[in-house]
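Sequential numbering from 347 applies to the sequence shown in our numbering. All residues carry an ideal CB built from backbone N, CA and C; glycine is no exception.
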Amino acid sequence: MKRILLLLLASAVACPLGCGKSNQATQPVSGSPAAPKGTIGVSLLTLDNPFFKVIGDTITSEGKKVGYETIVVSAEKDVAKQSNQIKDFIVKKVSAIVLSPCDSKAIIPVIKEANDAGIPVFTVDIPCNEPGVKIVTQVATDNYGGGKEAGRAMIEALGEAGGKVAILHFKQAESCQLRVKGFREVIDAHNKTAKAKIDMAIELESGAAKDMGYKAAEDALQAHADLRGIFAINDPAALGARAALEKARKTDKVLIVGFDGQPEGKQAIKEGKIYADPIQFPDKMGVEIVTAIVKYSKGETLPPQMLIPTRLYRKADGLADPELK
347 MKRILLLLLA SAVACPLGCG KSNQATQPVS GSPAAPKGTI GVSLLTLDNP FFKVIGDTIT
407 SEGKKVGYET IVVSAEKDVA KQSNQIKDFI VKKVSAIVLS PCDSKAIIPV IKEANDAGIP
467 VFTVDIPCNE PGVKIVTQVA TDNYGGGKEA GRAMIEALGE AGGKVAILHF KQAESCQLRV
527 KGFREVIDAH NKTAKAKIDM AIELESGAAK DMGYKAAEDA LQAHADLRGI FAINDPAALG
587 ARAALEKARK TDKVLIVGFD GQPEGKQAIK EGKIYADPIQ FPDKMGVEIV TAIVKYSKGE
647 TLPPQMLIPT RLYRKADGLA DPELK
């Protein structure tokens, strides 16, 4: 009897959770993420701009929900660097590549490499409408429509007096080309009937960055002392322009229309430092990209592009915005 008891005790120690239930112990814990379906490789124009960081973070979080791991890298506005990043994604055999092209034309060869490798390519924010490449779908802001909103905001800001306007561009990005196109078309249409016209007096490169936006605005002020308005293609450039106006003590003479709706840009609008922004929704872009990847993986047909409309954001919106200080 003593021997039997010792054997039973040893058996209990060896199987503290109960023998015969090992299959239950290997099952995943309820609520744990699904097993990875693959990897999404994401190369964004820059991660210095909070707008692109929101896109990257959203793709990562949404991808995780449906079983994808995500690699997000910054191209730092360098097409050669972005090309190498995409080549690395191809070597890693990622399930999908998402990029905001630094230069829609220069990036063509490496997109073709991804096409040849059978890896689906998606673009976000900045499209690539060049012939010879296959893009599954392009998820972007309606930049052309947003540019038109910016034009209407500038007309509203300057009023009946009109005056000279500077455009702070970022020509290498197709999205910015569309913004400026929409802006120019609205101003041109306005000038056909307006008593006092709006003169798009100068167009300068802003680099889509605060430091270059500052320099561009400074140059515009030197070239046109009677400048009345600045259209900057994104918030960093607009905030740089505002700093240049403050230095020149012309904040009461020149009005800025930006583009984006980043928190810092919205705060500046609330404080009257920027007149208005057509605001974008980068979180929606990230969600739509992951949805598109899932649909494509199931064999569904996708439209060539999905455009997300902007919304004009003025000081009244900033004053009512609970997310601002």
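Is there a Cβ from chain C that is less than 9 Å from the Cβ of residue i?
{"i": "G384", "result": "Absent from the structure: chain C. Only one protein chain is present."}
Please state whether the Cβ-Cβ distance between residue i and residue j is less than 9 Å.
{"i": "A589", "j": "D606", "result": "no"}
{"i": "E422", "j": "I454", "result": "no"}
{"i": "R574", "j": "L504", "result": "yes"}
{"i": "A535", "j": "A563", "result": "no"}
{"i": "I579", "j": "L514", "result": "yes"}
{"i": "D449", "j": "Q518", "result": "yes"}
Leaving aside the five residues before and after residue i along the sequence, list all residues of the same chain whose C-beta is less than 7 Å from its C-beta, in chain order.
{"i": "I548", "result": "A512, A566, A569 and H570"}
{"i": "I386", "result": "I405, G409, Y414, T416, V440, S441, A442, V444 and I639"}
{"i": "S389", "result": "V419, A421, Q428, Q431, I432 and L445"}
{"i": "V456", "result": "S429, I432 and K433"}
{"i": "R498", "result": "V532"}
{"i": "K641", "result": "L648"}
{"i": "I602", "result": "I576, A578, A584, A587, R588, I620 and Y621"}
By Cβ distance, which residues of its chain are closer than 8 Å to residue i, with the 5 residues on each side in sequence left out?
{"i": "S368", "result": "Legend: pLDDT at S368 = 32, less than 50; position of this residue unreliable, no value from coordinates given."}
{"i": "I465", "result": "F435, I436, K439, V440, S441, A442 and I443"}
DSSP on residue i, reduced to helix/strand/coil?
{"i": "G618", "result": "coil"}
{"i": "H438", "result": "Checking the displayed sequence, the identity of residue 438 turns out to be Lys instead of His. Helix, per DSSP."}
{"i": "E415", "result": "strand"}
{"i": "I454", "result": "helix"}
{"i": "Q428", "result": "helix"}
{"i": "F529", "result": "helix"}
{"i": "R498", "result": "helix"}
{"i": "K459", "result": "In the sequence as displayed, the identity of residue 459 is Glu instead of Lys. In the structure shown, E459 sits in a helix (DSSP, three-state: H, G or I)."}
Leaving out five residues on either side along the sequence, give the residues of the same chain with a beta carbon under 6 Å from the beta carbon of residue i.
{"i": "F627", "result": "I654"}
{"i": "N461", "result": "K480"}
{"i": "Q484", "result": "T469, P473 and Q651"}
Please identify the residue among the options whose C-alpha is closest to the C-alpha of residue i.
{"i": "S521", "options": "I472, R660 and K661", "result": "I472"}
{"i": "G292", "options": "P650, E506, K399 and R660", "result": "The structure shown does not extend to residue 292, since the chain spans only 347 to 671, so no value can be given for it."}
{"i": "Y336", "options": "T539, P582 and M631", "result": "Outside the shown range of the chain, which is 347 to 671, sits residue 336, and nothing can be said about it."}
{"i": "A507", "options": "A540, E495 and S643", "result": "A540"}
{"i": "L524", "options": "D598, K543 and A486", "result": "A486"}
{"i": "Q613", "options": "A496, A666 and K538", "result": "A666"}
{"i": "V425", "options": "P447, K411 and S407", "result": "P447"}
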